[in-house]
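Start counting at 1 in the sequence shown, then tack on 1, and there's your number in the numbering used here. Cβ coordinates follow ideal geometry from the N, Cα and C atoms, glycine included. Beneath this line is the structure, given in structure tokens, with notes to follow.
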Amino acid sequence: MTSKESFFDMCHSFPGVEQNPHFERTAFKVTGKRIFATYHGPSNSANIVLSPTEQHTFCEYEGGAIYPVPNKWGEKGWTTFELKSIPPELVLEALNLAYATCKKIKNK
């Protein structure tokens, strides 16, 4: 199980991360870049942006606790992680991928 505190600590373990409100969620973004993850408190879930290939791989996790966001964002790689059912190591692996991808994106 991954707690809220653990998830926030993981997000802040990367250099240059900002935390801001984002609708009913808390967003984590690379400073000057895009959001790479959001946290939803009532459901203890996170949405993490992955490539479609990475998303497919993570969604194979048993128990159905990882799945594409059920809208157009899901088609773009945004993936829901039900944190109560997922070990921290797996969440950190996804966050590493998301952070690295967002860090590479050039500012417009």
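| Check | Outcome |
| --- | --- |
| Cβ-Cβ distance between residue 38 and residue 84 below 8 angstroms | no |
| Pairwise C-alpha distance: residue 79 and residue 26 | 14 angstroms |
| Close-in-space but distant-in-sequence residues of the same chain around residue 88 (CB under 8 angstroms, 5 per side omitted) | 2 and 3 |
| Alpha helix (DSSP H) segment containing residue 104, residue limits | 89-105 |
| Host alpha helix (DSSP H) of residue 83 (start-end) | Careful: residue 83 lies outside any alpha helix (DSSP H), inside the beta strand (DSSP E) at 79-83. |
| Cβ separation of residue 40 and residue 73, assumed to be a contact under 8 angstroms, to the nearest whole Å | So it is not a contact: roughly 21 angstroms between Cβ atoms. |
| Of the listed residues 16, 51 and 82, nearest to residue 63 (C-alpha basis) | 82 |
| Closest residue to residue 8 among 94, 17 and 51 (Cα-Cα distance) | 94 |
| Coil, strand or helix - residue 32 by DSSP | coil |
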